[in-house]
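Chemist: Encoded as structure tokens, here's the structure I'll be asking about.
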Amino acid sequence: MVSDSGHLSRFGHQDNRKSPQKNGLTDAGAVGTPPEPRPVAGDPPKLVVRNVSISYGKKMVLRDVSFEVRQNEIFGIIGPSGSGKTSLLRALNRMDFFVPGMSVQGSILFGGREVRMWRNVYALRRKIGVVFPLPVGLPLSVYDNVSLAPRLSGVRDPRRLDEIVERCLQRAALWDEVKDRLNSLGSLLSGGQQQRLTIARALSQEPDLLLLDEFSIAVDPVTTMRIEDVLQGLRQEMSIILVTNLVQQARRLADRTAFFLMGECVEVGDTEAIFSGDVKDPRTRAYVEGRFG
Amino acid sequence: MGSPESAEVAGAVEGAGVAEGAGVAASFAEDADARTMAWYVDKGVEILVFIGGVSAIIFIFGIFGFVMKEGAGFIAGSLDLGEFFTSPRWAPTSSYNPTYGALALIAGTASVTGLAMLLAVPFSLGTAIYIAEFATGRIREILKVLVELLAAIPSVVWGFIGLSIMNPLIIDLFNVPVGLSVLNSGIILGLMAAPIMTTIAEDALKAVPDTYREAAEALGATRWQVVFRVVLPAAKNGLVAAVLLGVGRGFGETMAVLMASGHSINIPTSVFDSVRALTATIAAELGETAVGSDHYKALFALGIFLFLVTFIINLTADLVIRGVRKR
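Residue numbers (my numbering), protein chains in the order written: chain A, 1 to 293; chain B, 1001 to 1327.
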């Protein structure tokens, strides 16, 4: 666990961050100070990705990628589309089943154990929450959407389920909007609400690691800001991998950031360093400054 | 709006618009009214498609009208409806006391269809789930082709199987005198309905977006949990449609039931009893009757009854699906 002082400074930071950046979502000129590096380097890493390559048949989409995700850190992954970010997320919780022909080489350690060595892949997936780019409201009621995961893992007590549903919806900043219609279909909510519903659903399984794959693609700017606030709060309890197309979103949220380009991990570093131009590879600076991609 | 002044202003503006529009239109006059090839093709296709759509309605009403014309007068006139529905005695050719009791025939059709569905519904849903959710690659392709092949077997072949294979088998296995029975025709009918139900149910399952499966799997659901908690509820409409289509198929099937059921008028008390189906009665007797005779008209009354039942089944299917959709 992280020291308390770390959390405090984090919260203080969050407050003065909010106002100047509400209009900075359109990327270009977001001012605001970059987040301070989080004091987490000492703990054993939550996730270790070592020399991972992913290919579909003969086509290689990710080549020899290595990085670590620490406890309670938001780890940003930026890069143009087609750079293998989504494929990597699939490999992390072994969702490669849905993609015929996908093969993963290299080593992925989650909680100190090789993910391929988990006999119970479902337990692995329960520890890793996923939020997809387009919100997927399952064709169930709002309540059932959120209570599905706990129920699948054996929670039967209705009061306990009520509790979980309310807490997860609260934490996803959706409770106030849906508390009166928990029984209506989740797929009838608006796009932004559905995306928060999927976040609530991901939280309901009490994950150790939360993967967000371009969550703001179908969400309006205001909702995006709300979700970003939610993520700031969540990092106290879990590690978060944030794949994003919005460079400034990574800047606002991530402690460290990796830059992927055409299947290659060009650079991993402190977000502050990457955005202040302290980079090893000129391509990173070019991308961050919006000169290509 | 409201005051005369504002109306006047609006009128003036409108007038200006028209005048200007006319000037513009003049220069585009040729294009605006051009009847190009594409325009003619579009109109032509529109008419053809319209005829296609309307013809379905015409045929349905035509058939209904024809059947009604032949049978309605008899139903309203000399047929005793109470007897029709309560008497198990179907004796249209009796020379001194012809009776038209359809109860045994209805019971025959219902029992055979019921047994067929009891066997076919779990079987075909299971097959559909396996093909759509669990099988992969070659196995899946082979299975799909085989199931479709099964659906293409003519019903007289199924009847033949019932007559020459199932019949001695049932006699041997259960030690009964006759093997042509509810059991025999129910199994045959189940086998006939299963492939169609499987195909439609599989389509319904395939129509559930993969994103649902992914989302559920990402929550840590096992394959079976995904199917049971997410895919099946999402495909409910299509599955109901599949089952009802199977019921319709069972109800309307004639030849195989005629051959495998024993064709004897009987209210069944066990699955080993021979029965006679509504459809089989019409098929077997219509050729033997004089056109316009009471017997002939009574067969059409059976036809009307079949028609109504099918109509009700389809209507319920429609309402059920609509009800599901509304929620």
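Even for Gly, the Cβ is constructed at its ideal location relative to N, Cα and C.
From a predicted model like this one, the values you see are computed outputs, not experimental measurements.
#1: Name the chain A residues whose beta carbon is nearer than 7 angstroms to that of residue 1238(B)?
#2: Find the nearest neighbour of residue 217(A) within the set 74(A), 265(A) and 132(A), judged by alpha-carbon distance.
#3: For chain A, is any of its Cβ atoms less than 7 angstroms away from the one on residue 1230(B)?
#4: Within 7 angstroms (strictly less), CB to CB, does residue 1220(B) reach chain E?
#5: Mind the definition here: the region 136–147 of chain A touches the region 158–175 of chain A only if three or more C-beta pairs lie below 8 angstroms; say whether that holds.
#6: Hey, would you say residue 1119(B) sits closer than 7 angstroms to residue 1179(B), going by beta carbons?
#7: Put residue 240(A) into one of helix, strand or coil per three-state DSSP.
#8: Grouping DSSP H, G and I as helix and E and B as strand, with all else coil, what is residue 37(A)?
#9: Determine, for residue 149(A), whether the minimum Cβ-Cβ distance to residues of chain B falls below 7 angstroms.
#10: Looking at residue 1300(B) and residue 1071(B), is the spacing between their C-beta atoms short of 7 angstroms?
#11: DSSP three-state call for residue 281(A): helix, strand or coil?
#12: Does the contact criterion of 3 or more C-beta pairs under 8 angstroms hold for the region 1192–1212 of chain B versus the region 1235–1249 of chain B?
#13: Are the region 100–110 of chain A and the region 52–72 of chain A touching, with three or more C-beta to C-beta distances below 8 angstroms?
#14: Listing by chain order, which chain B residues have their CB less than 9 angstroms from the CB of residue 132(A)?
#15: Checking contacts by CB at 7 angstroms: is residue 1235(B) closer than that to chain A?
#16: Rounding to the nearest angstrom, what Cα-Cα distance links residue 1158(B) and residue 1280(B) in this structure?
#17: What are the partner residues of residue 268(A), as DSSP defines its beta bridges?
#18: Rounded to whole angstroms, what's the CA-CA distance from residue 220(A) to residue 192(A)? Just pull it up for me.
#19: What residue range is occupied by the uninterrupted beta strand (DSSP E) comprising residue 1148(B)?
#20: Is residue 69(A) close to chain B? Criterion is C-beta to C-beta, closer than 7 angstroms.
#21: Once DSSP output is grouped into helix, strand and coil, what is the label at residue 73(A)?
#22: Can you list, in chain order, the residues of its chain with a C-beta nearer than 6 angstroms to that of residue 1315(B)? Leave out the 5 residues immediately preceding and following it.
#23: Hey, could you find the ends of the beta strand (DSSP E) residue 1044(B) is sitting in?
#24: Starting from residue 117(A), follow its DSSP beta bridges and name the residues at the other end.
#25: If we ignore side chains and look at the alpha-carbon of each, how far apart do residue 258(A) and residue 286(A) end up?
#26: One question on the structure: do residue 226(A) and residue 173(A) come within less than 7 angstroms of each other, judged by their Cβ atoms?
#27: Evaluate contact between the region 1219–1228 of chain B and the region 1136–1152 of chain B, counting only Cβ atoms and requiring at least three cross-stretch pairs below 8 angstroms.
#28: Here's a check: name, in chain order, each residue in its chain whose Cβ is nearer than 6 angstroms to the Cβ of residue 127(A), leaving out the five neighbours to either side.
#29: Would you report the Cα separation of residue 29(A) and residue 290(A), rounded to the nearest angstrom?
#30: Leaving out five residues before and five after residue 1304(B) in sequence, what residues of the same chain have Cβ atoms less than 8 angstroms from its Cβ?
#31: Is the Cβ-Cβ distance between residue 1162(B) and residue 1260(B) less than 7 angstroms?
#32: Would you say residue 136(A) faces chain B, with C-beta separation under 7 angstroms as the test?
#33: Could you say which of 1218(B), 1229(B) and 1320(B) lies nearest to residue 201(A) if we only look at CA atoms?
#34: Apply the 10 Å Cβ neighbour rule to residue 1297(B) and answer buried if 16 or more other Cβ atoms are within range, or exposed otherwise.
#35: Measuring only between beta-carbons, confirm whether residue 45(A) sits less than 7 angstroms from chain B.
Modeler: Walking through what the data contain:
#1: None at all; the shortest Cβ gap to chain A is about 13 angstroms.
#2: Measuring from the Cα of residue 217(A), the nearest candidate turns out to be 132(A).
#3: So, interface residue.
#4: You won't find chain E in this structure, because its protein chains are A and B.
#5: With the cut-off at 8 angstroms, the region 136–147 of chain A and the region 158–175 of chain A touch.
#6: If you check the CB distance, residue 1119(B) and residue 1179(B) do not come in under 7 angstroms.
#7: If DSSP states are grouped into helix, strand and coil, residue 240(A) belongs with the strands.
#8: For residue 37(A), the predicted structure reports a pLDDT of 44, less than 50, and the residue's modelled location is therefore unreliable. A value from the coordinates is still provided. Judged by DSSP in its simplified three-state form, residue 37(A) adopts coil rather than helix or strand.
#9: At least one chain B Cβ lies under 7 angstroms of residue 149(A).
#10: Yes, the Cβ-Cβ distance between residue 1071(B) and residue 1300(B) is below 7 angstroms.
#11: Collapsing the DSSP output to three states places residue 281(A) in coil.
#12: The region 1192–1212 of chain B makes contact with the region 1235–1249 of chain B, as at least three CB pairs between them are under 8 angstroms.
#13: The region 100–110 of chain A makes contact with the region 52–72 of chain A: 3 or more CB pairs, one atom from each, lie closer than 8 angstroms.
#14: Correct list: 1211, 1214, 1215 and 1218.
#15: Cβ-Cβ to chain A under 7 angstroms: no for residue 1235(B).
#16: Using only the alpha carbons, I get a separation of about 15 angstroms.
#17: Residue 268(A) pairs with 258(A).
#18: For residue 220(A) and residue 192(A), the distance between alpha carbons rounds to 7 angstroms.
#19: DSSP places residue 1148(B) outside any beta strand (DSSP E); the residue lies instead in the alpha helix (DSSP H), whose first and last residues are 1137–1151.
#20: At a cut-off of 7 angstroms between beta carbons, residue 69(A) makes no contact with chain B.
#21: Correct three-state label for residue 73(A): coil.
#22: Nothing listed; no residue qualifies.
#23: Segment 1037–1076 is the alpha helix (DSSP H) holding residue 1044(B); no beta strand (DSSP E) there.
#24: Beta-bridge pairing links residue 117(A) to no other residue.
#25: So the alpha carbons of these two residues sit roughly 14 angstroms apart.
#26: Here residue 226(A) is near residue 173(A), since their CB atoms are less than 7 angstroms apart.
#27: Taking a contact to require three or more Cβ pairs closer than 8 angstroms, the region 1219–1228 of chain B and the region 1136–1152 of chain B do not qualify as touching.
#28: The residues are 207 and 208.
#29: Confidence at residue 29(A) is low in this model, with a pLDDT of 40, below 50, so its placement is unreliable and the value that follows should be read with caution. One C-alpha to the other measures close to 11 angstroms.
#30: Answer for residue 1304(B): 1067, 1068, 1071, 1072 and 1075, listed in chain order.
#31: Here residue 1162(B) is near residue 1260(B), since their CB atoms are less than 7 angstroms apart.
#32: It does; some Cβ of chain B falls within 7 angstroms.
#33: Looking at 1218(B), 1229(B) and 1320(B), the one whose alpha-carbon comes closest to that of residue 201(A) is 1218(B).
#34: Residue 1297(B) should be labelled buried.
#35: False, the Cβ-Cβ gap to chain B never drops below 7 angstroms.
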